[in-house]
Amino acid sequence: MGKGNKEGSIKRFKWTKLMKHLFLEILTEETHKGNKPSNTFKAVSINRVVATISERFQVQCDAKHVENHLRTVKNQCQIICTIQAESGFGWDDNMKINICDRSTYDATVMAHKKCEPFLNKSIDHYDEMTLVVGKDVATRSFARKFADIDLDDYNQDSVPVDYDNEEVKE
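In terms of UniProt numbering, the sequence shown opens at residue 1 and continues consecutively.
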């Protein structure tokens, strides 16, 4: 079986920008809910994406389409991270863009054509991508210093202990 519209052939699933946005939005929510215990999402999360995409866009989406697109997003994120690690590139966290001069751009694109979409162009939904694919270590805009964390919010139910007046039974 090949690609195409002939009888018995497999039709490829085309992800539109709106579908990609919804895909990342749902999986970001699922990650926050704890439905990604390791590097994979629970079936309920994948099924939620399938149902929502199918209903909202009136297409026939199935779990294989979602899993394949997740692999694509993981590959894209890996390319972006590789670019960020190379010398000669800067990162603008506000614009979510890898910045480089013309000669670095030309040399990189010549050596690695797959890097071109991620150079000197804003990367849509970068923060969601990194969270969904597992790079959920606090980086850049999400990073906070220990001193900035308001522990009072987390310790509302704690009771202070007066060790000087505490009785010790032997």
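Ideal placement from N, C-alpha and C gives every residue a C-beta, glycine not left out.
Alpha helix (DSSP H) segment containing residue i, residue limits
i, result
"Asp106", "Arg102 to Ala111"
"Asn68", "Ala63 to Ala85"
"Thr31", "Lys17 to Lys33"
"Ser45", "Ala43 to Phe57"
Nearest to residue i (by Cα), restricted to the options the options
i, options, result
"Lys33", "Ser45, Trp91 and Ser122", "Ser45"
"Lys14", "Glu25, Lys36, Gln58 and Phe41", "Gln58"
"Val50", "Gly134, Leu27 and Thr40", "Leu27"
"Gly88", "Asp101, Lys96 and Asn94", "Asp101"
"His69", "Pro37, Lys17, Asn94 and Pro117", "Lys17"
"Ile123", "Ile53, Thr40, Ile80 and Gln60", "Ile80"
"Asn94", "Lys121, Ala63 and Tyr105", "Lys121"
"Asp127", "Thr52, Lys74, Asp62 and Glu67", "Lys74"
"Thr104", "Thr40, Thr72, Leu119 and Lys96", "Leu119"
"Cys115", "His125, Thr82 and Lys96", "Thr82"
"Thr40", "Ile53, Ser54 and Val66", "Val66"
"Glu86", "Ala43, His112 and Ile53", "His112"
Collapsed DSSP secondary structure at residue i in the structure displayed
i, result
"Ser122", "strand"
"Pro117", "helix"
"Thr40", "coil"
"Asp148", "Bear in mind that the predicted position of Asp148 carries a pLDDT of just 45, short of 50, making it too unreliable to give a figure here."
Beta-carbon proximity check, residue i vs residue j, cutoff 8 angstroms
i, j, result
"Leu24", "Val109", "no"
"Arg12", "Glu30", "no"
"Met129", "Cys77", "yes"
"Leu22", "Arg71", "no"
Range covered by the beta strand (DSSP E) that runs through residue i
i, result
"Asn98", "Ile97 to Ile99"
"Asp92", "Gly90 to Asp92"
Distance between beta carbons of residue j and residue i, contact taken as under 8 angstroms
i, j, result
"Ile99", "Asp92", "6 angstroms"
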